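J.: Residue numbers are given in the UniProt record's numbering: position 269 of the sequence shown equals residue 269, and the series is strictly consecutive.
No residue lacks a Cβ here, since even glycine has one placed at the ideal position from N, Cα and C.
Remember, predicted model here, so these are calculated numbers, not experimental data.
Structure in structure tokens, see below.
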Amino acid sequence: MSVILCTAGYDHTIRFWEALSGICSRTIPHPDSQVNRLCISPDKRYLAAAGHHTVKLYDIKSTNPNAVLTFDGHTSNITGVAFHCEGKWMVTSSEDGTVKIWDTRSGNVQRNYTHGVPVNDVVIHPNQGELISCDRGGNVRIWDLGENKCSHQLIPEDDVSVASVTVASDGTMLCAGNNAGNVYVWRMIQRADVTSLVPVCKFVAHQTYITRVLLSPDVRHLATCSADHTARIWSLDPNAPHNITPQDQLPSAADRDPNAFPLETTLHGHQRWVWDCAFSADSAYLVTACSDHYARLWELNSQSIIRQYNGHHRGAVCVALNDTAVGN
Numbered sequence: 001m002s003v004i005l006c007t008a009g010y011d012h013t014i015r016f017w018e019a020l021s022g023i024c025s026r027t028i029p030h031p032d033s034q035v036n037r038l039c040i041s042p043d044k045r046y047l048a049a050a051g052h053h054t055v056k057l058y059d060i061k062s063t064n065p066n067a068v069l070t071f072d073g074h075t076s077n078i079t080g081v082a083f084h085c086e087g088k089w090m091v092t093s094s095e096d097g098t099v100k101i102w103d104t105r106s107g108n109v110q111r112n113y114t115h116g117v118p119v120n121d122v123v124i125h126p127n128q129g130e131l132i133s134c135d136r137g138g139n140v141r142i143w144d145l146g147e148n149k150c151s152h153q154l155i156p157e158d159d160v161s162v163a164s165v166t167v168a169s170d171g172t173m174l175c176a177g178n179n180a181g182n183v184y185v186w187r188m189i190q191r192a193d194v195t196s197l198v199p200v201c202k203f204v205a206h207q208t209y210i211t212r213v214l215l216s217p218d219v220r221h222l223a224t225c226s227a228d229h230t231a232r233i234w235s236l237d238p239n240a241p242h243n244i245t246p247q248d249q250l251p252s253a254a255d256r257d258p259n260a261f262p263l264e265t266t267l268h269g270h271q272r273w274v275w276d277c278a279f280s281a282d283s284a285y286l287v288t289a290c291s292d293h294y295a296r297l298w299e300l301n302s303q304s305i306i307r308q309y310n311g312h313h314r315g316a317v318c319v320a321l322n323d324t325a326v327g328n
């Protein structure tokens, strides 16, 4: 199974798709609740499905519809899920105000970090030593796993919920999208195991809620999904100067380039809110999940829909894609 593509949402099912043909190859019932987020393990063996109170782990190659492990410990909607690069642990965020780290073998909670307000998303820094989470109170927090504490707290806009965060695959950039439609960008600099953050820019991506921000694997594009029925692709110029002062001082207003992320394309064709997206490994394609029940595969160069995935009976709100080659 070289390409794994799956979607889920409010019809209490998880669907696996043949990416090119658009055929639904497998449906897993998820009767306990809607599915809020999906994540494929790095070795492509397991799928994590985050629901109302639990995360269920499914064997991708098995025909058994039952979960092989259930992670039980959150008391409200689970909003984010991500795997350690070797699959040793998993992190989740929840509207119960916590971020939890789980042992993927036992299903036990290893660590618990508290925001105090509903947490909307969490990602793992590529160094595997930091987590980045965001919440309804407008905070972006970075958790240092070595020190076992919050090392940074960013507040882009007071009391404006930050819906989504994304970190570059090379660990150099952090982006956050909020309910006002704004995207905030920071440069991440690591020196002697200490991460410092330098604001790069803020720009208006949408006129209403942002639901997801995602940097492409090649760090040349930023995708934003929104309640305005669109997804947008913003270009990152790899040759653009990002001068950092020796003191890591905040850049002046003149240095915060609002044109650092020019709009590349707006993906029209969704009929309702666009909730989630996933890039292909080569960054040439994007899959979106929408409340209109469809998932769509877009070729970014031509800005065209290559395939529509039709099968959900209610809104599709999450998507996971892994088309990378895995050894063995």
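Comparing alpha-carbon positions, which option in Leu236, Ala176 and Met188 lies nearest Ile210?
T.: Here residue 210 refers to the residue found at position 210 of the sequence shown. Out of Leu236, Ala176 and Met188, Ala176 has the C-alpha closest to the C-alpha of Ile210.
J.: Looking only at its chain, what residues have a beta carbon closer than 6 angstroms to the beta carbon of Ile189, apart from the 5 residues adjacent to it on each side?
T.: The count along the sequence shown starts at 1 and reaches residue 189 at position 189. Once the five neighbours on either side are set aside, the close Cβ partners of Ile189 are Ser196.
J.: Identify, in the order they occur along the chain, each residue of the same chain with its Cβ nearer than 7 angstroms to the Cβ of Thr114, setting aside the five sequence neighbours on each side.
T.: Locating residue 114 in the sequence shown gives position 114, counting from the first residue. Cβ neighbours of Thr114 beyond the five flanking positions: Gly97 and Thr98.
J.: Is the beta carbon of Val162 sitting closer than 8 angstroms to the one on Cys134?
T.: Here residue 162 corresponds to residue number 162 of the sequence shown, with the count starting at 1. Here residue 134 corresponds to residue number 134 of the sequence shown, with the count starting at 1. Yes; because the gap between Cβ atoms is below 8 angstroms, this pair is in contact.
J.: Relative to the C-alpha of His268, which residue among Ala278, Leu236, Ala227 and Ala260 is closest?
T.: Locating residue 268 in the sequence shown gives position 268, counting from the first residue. Closest in alpha carbon position to His268, among Ala278, Leu236, Ala227 and Ala260, is Ala227.
J.: Under 8 angstroms between the Cβ atoms of Thr79 and Arg141?
T.: As a position in the sequence shown, residue 79 is number 79, starting the count at 1. As a position in the sequence shown, residue 141 is number 141, starting the count at 1. Going by C-beta atoms, Thr79 is not nearer than 8 angstroms to Arg141.
J.: Find out if the Cβ-Cβ distance for the pair Cys6, Pro42 is shorter than 8 angstroms.
T.: Counting from one through the sequence shown, the residue named residue 6 turns up at place 6. Counting from one through the sequence shown, the residue named residue 42 turns up at place 42. Here Cys6 is not near Pro42, since their CB atoms are 8 angstroms or more apart.
J.: Under 6 angstroms Cβ to Cβ from Ser151, same chain only, skipping five residues before and after it: list those, please.
T.: Start at 1 with the first residue of the sequence shown, and residue 151 comes out as number 151. If we look at Ser151 and ignore the five residues flanking it on each side, its Cβ neighbours are Ile142 and Asp144.
J.: Just confirm the distance between the C-beta atoms of Tyr230 and His270, as a whole number of angstroms; I'd bet it's less than 8 angstroms.
T.: In the sequence shown, residue 230 corresponds to position 230, counting from 1. In the sequence shown, residue 270 corresponds to position 270, counting from 1. Reading off the sequence, residue 230 comes out as Thr, not Tyr. The pair is a contact, with the Cβ atoms about 7 angstroms apart (cut-off 8 angstroms).
J.: Rounded C-beta distance between Leu131 and Val91? I'm assuming under 8 angstroms.
T.: To locate residue 131, count along the sequence shown from 1; it is residue 131. To locate residue 91, count along the sequence shown from 1; it is residue 91. The beta-carbon separation of Leu131 and Val91, rounded to 6 angstroms, stays under the 8 angstroms limit for a contact.
J.: Quick check on DSSP: helix, strand or coil for Ala253?
T.: Locating residue 253 in the sequence shown gives position 253, where the first residue counts as 1. Residue confidence for Ala253 is low, a pLDDT of 40 falling below 50, so the modelled location carries little weight; the figure read from the coordinates is stated next. If DSSP states are grouped into helix, strand and coil, Ala253 belongs with the helices.
J.: Taking the CB atoms as reference points, tell me whether Lys44 and Ile23 lie closer together than 8 angstroms.
T.: Numbered from 1 along the sequence shown, position 44 holds the residue referred to as residue 44. Numbered from 1 along the sequence shown, position 23 holds the residue referred to as residue 23. No, the Cβ-Cβ distance between Lys44 and Ile23 is not below 8 angstroms.
J.: Trp234 and Leu214: beta carbons closer than 8 angstroms?
T.: Residue numbering aside, residue 234 sits at position 234 when the sequence shown is read from its first letter. Residue numbering aside, residue 214 sits at position 214 when the sequence shown is read from its first letter. Contact: no.
J.: Just to confirm my understanding: we take Lys88, look at its own chain, exclude 5 residues before and 5 after, and list those with CB closer than 7 angstroms. What are they?
T.: Within the sequence shown, the letter at position 88 stands for residue 88. Excluding positions up to five away in sequence, the list reads Thr104.
J.: Among Leu174, Ile14 and Cys318, which residue has its Cα nearest to the Cα of Trp273?
T.: Reading the sequence shown from its first residue, position 273 is the one you call residue 273. Nearest of Leu174, Ile14 and Cys318 to Trp273, Cα basis: Cys318.
J.: Do Arg212 and Trp298 have their CB atoms nearer than 8 angstroms?
T.: Translated into the one-based positions of the sequence shown, residue 212 becomes position 212. Translated into the one-based positions of the sequence shown, residue 298 becomes position 298. No, these two residues do not count as a Cβ contact at 8 angstroms.
J.: Roughly how many angstroms separate the alpha carbons of Gln153 and Thr224, rounded to a whole number?
T.: By one-based count along the sequence shown, residue 153 stands at place 153. By one-based count along the sequence shown, residue 224 stands at place 224. Approximately 23 angstroms between the Cα atoms of the pair.
J.: Take the Cβ of Thr63 as the centre, count every other Cβ of all protein chains shown within 10 Å, and call the residue buried at 16 or more, exposed below.
T.: As a working mapping, residue 63 is identified with position 63 in the sequence shown. Flag for Thr63 reads exposed.
J.: Buried or exposed: where does Ile155 fall if 16 or more other Cβ atoms within 10 Å of its Cβ makes it buried?
T.: Position 155 of the sequence shown, counted from the first residue, corresponds to residue 155. Result: exposed.
J.: So, at 7 angstroms on beta carbons, what are the nonlocal neighbours of Ala295 in its own chain, with the 5 sequence-adjacent residues on each side left out?
T.: As a working mapping, residue 295 is identified with position 295 in the sequence shown. Same-chain partners within the cutoff: Thr7, Val287, Thr288, Ala289, Tyr309, Ala316 and Val319.
J.: At 3 residues or longer, what runs of the beta strand (DSSP E) sit wholly inside the region 193-218?
T.: With a minimum length of 3 residues, the continuous beta strand (DSSP E) runs that stay inside the region 193-218 are 194-204 and 210-215.
J.: Run through the DSSP bridge pairs and tell me what Ala231 is partnered with.
T.: Translated into positions along the sequence shown, residue 231 becomes position 231. In the DSSP output, where bridge partners are listed per residue, Ala231 has Cys225 and Leu267.
J.: What's the C-alpha gap between Ala281 and Ile4?
T.: The count along the sequence shown starts at 1 and reaches residue 281 at position 281. The count along the sequence shown starts at 1 and reaches residue 4 at position 4. In a straight line, the C-alpha of Ala281 is about 12 angstroms away from that of Ile4.
J.: Could you tell me which residues DSSP pairs with Asn66 in its beta bridges?
T.: Indexing the sequence shown from 1 puts residue 66 at position 66. Answer is none; Asn66 lacks a bridge partner.
J.: Whole angstroms is fine: what's the gap from Val119's alpha carbon to Val55's?
T.: Here residue 119 is taken as the residue at index 119 of the sequence shown, counted from 1. Here residue 55 is taken as the residue at index 55 of the sequence shown, counted from 1. Taking the straight line from one Cα to the other gives about 16 angstroms.
J.: Which same chain residues end up closer than 6 angstroms to Arg15 when comparing Cβ atoms and leaving out the 5 residues on each side of it in sequence?
T.: Along the sequence shown, read from residue 1 onward, the residue named residue 15 stands at position 15. Cβ within range, chain order: Thr7, Cys24, Thr27 and Gly311.
J.: Taking only the alpha-carbon atoms, compute the straight-line gap between Gly146 and Trp102 and give it to the nearest angstrom.
T.: If you number the sequence shown from 1, residue 146 lands on position 146. If you number the sequence shown from 1, residue 102 lands on position 102. Their backbone Cα atoms lie some 16 angstroms apart in a straight line.
J.: According to the Cβ coordinates, are Val165 and Ala180 closer than 8 angstroms?
T.: By one-based count along the sequence shown, residue 165 stands at place 165. By one-based count along the sequence shown, residue 180 stands at place 180. Cβ distance not < 8 angstroms, so Val165 and Ala180 don't count as in contact.
J.: If distances are taken between C-alpha atoms only, which option among Arg220, Val219 and Val183 comes closest to Phe203?
T.: Mapped onto the sequence shown, residue 203 falls at position 203. Nearest option by C-alpha distance: Val183.
J.: So what does DSSP say about Asp59, is it helix, strand or coil?
T.: Position 59 of the sequence shown holds residue 59. Strand, per DSSP.
J.: Under 8 angstroms between the Cβ atoms of Ala168 and Val123?
T.: Residue mapping note: residue 168 aligns to position 168 of the sequence shown, counting from 1. Residue mapping note: residue 123 aligns to position 123 of the sequence shown, counting from 1. No. Outside cutoff.
J.: Buried or exposed: which applies to Gln128, given that a residue is buried once 16 or more other Cβ atoms fall within 10 Å of its Cβ?
T.: As a position in the sequence shown, residue 128 is number 128, starting the count at 1. Looking at its Cβ environment, which holds fewer than 16 other Cβ atoms inside 10 Å, Gln128 is exposed.
J.: Helix, strand or coil for Pro29, going by three-state DSSP, please let me know.
T.: The count along the sequence shown starts at 1 and reaches residue 29 at position 29. Three-state result, Pro29: strand.
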